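Quick note: to get our numbering, add 500 to the position in the sequence shown (first position is 1). The beta-carbon is built from N, C-alpha and C at its ideal position, and this holds for glycine as well. These numbers come from a predicted model, not from an experiment. In what follows, a structure is listed as structure tokens, so that the remarks can point back to it.
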Amino acid sequence: MPQPSRFFGLILYYAASWLAASAILTLFALINFYTLEPTDVGGTLFGGMFGAIFDLIYWSCAALGFCFLALFRLSGWRVALILAGLVQIGISALWRIQYWQDYENEELILSPTPGELHVSILVGIAMTTIGIVKYRHAQRNSGPHPHSPAQSKIAPQQTLSTNTITAKTIAAFVLIALYLVLPLHLYLREPLPYCAFSPDGQQLSICLGEGDERIIVE
């Protein structure tokens, strides 16, 4: 029978791991939903190229979370990768179908293009495939061995030492801070007004004109 401290440590580890995976998956879905929505960039500088670059950076940061889940081998990382691929496929297909008439309109310049949405679908298929392959591989490795069923059942439990559980739990909490706490803080923070300055004179936001009154922000 496991010791109480180890038992609660395992509960904390699994709870933190699944919360981290859920936070990364939710952020990934939101970024996909808003960045993949086609918008008319006909009147923008360089056809919205800079916006597309920032969208790619946001997507890469969110996708990097799944790499961290896999790197630290946190519980649920394979399921999260499968769901992330399905989410990307679904959102890309949704916008492609919903805006198919606008894509046929030659007067509109939409970003992302149909080709970029198709590439996004292929990326989602690749993520889902990798997740399924890894999940099935893990299922085969954790299954009972024909020669020693008892040994094979307890072996996976023995591989998680107390130090390993502690390290994985810390990694999970770091990911929670990066992919849940930080985004919530940035989202709930009130935006700075125009021409905002700190008490020591540092400019915090742009001014619309030379006659704009400085607003001191504590």
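- For ASP602, the enclosing alpha helix (DSSP H) stretches over residues 600-604.
- According to DSSP, LEU525 shares a beta bridge with no other residue.
- Using a 10 angstroms sphere on the CB of VAL633, the tally of other CB atoms stays under 16, which defines it as exposed.
- The beta carbon of ILE511 is closer than 8 Å to none in its chain, skipping five residues each way along the sequence.
- For ASP700, no alpha helix (DSSP H) encloses it, and the DSSP letter there is neither H nor E.
- In the DSSP annotation of this structure, the continuous segment of the alpha helix (DSSP H) that includes SER560 starts and ends at 549-571.
- Taking a contact as a CB-CB distance under 8 Å, the pair SER592 and LEU617 counts as one, their CB atoms being some 5 Å apart.
- In the three-state scheme derived from DSSP, where H, G and I count as helix and E and B as strand, SER575 is classed as coil.
- Per DSSP, the beta-bridge partners of THR539 are SER611.
- Annotation: PRO693 is outside any alpha helix (DSSP H) and is labelled neither H nor E by DSSP.
- The beta-bridge partner set that DSSP reports for ILE716 consists of PHE697.
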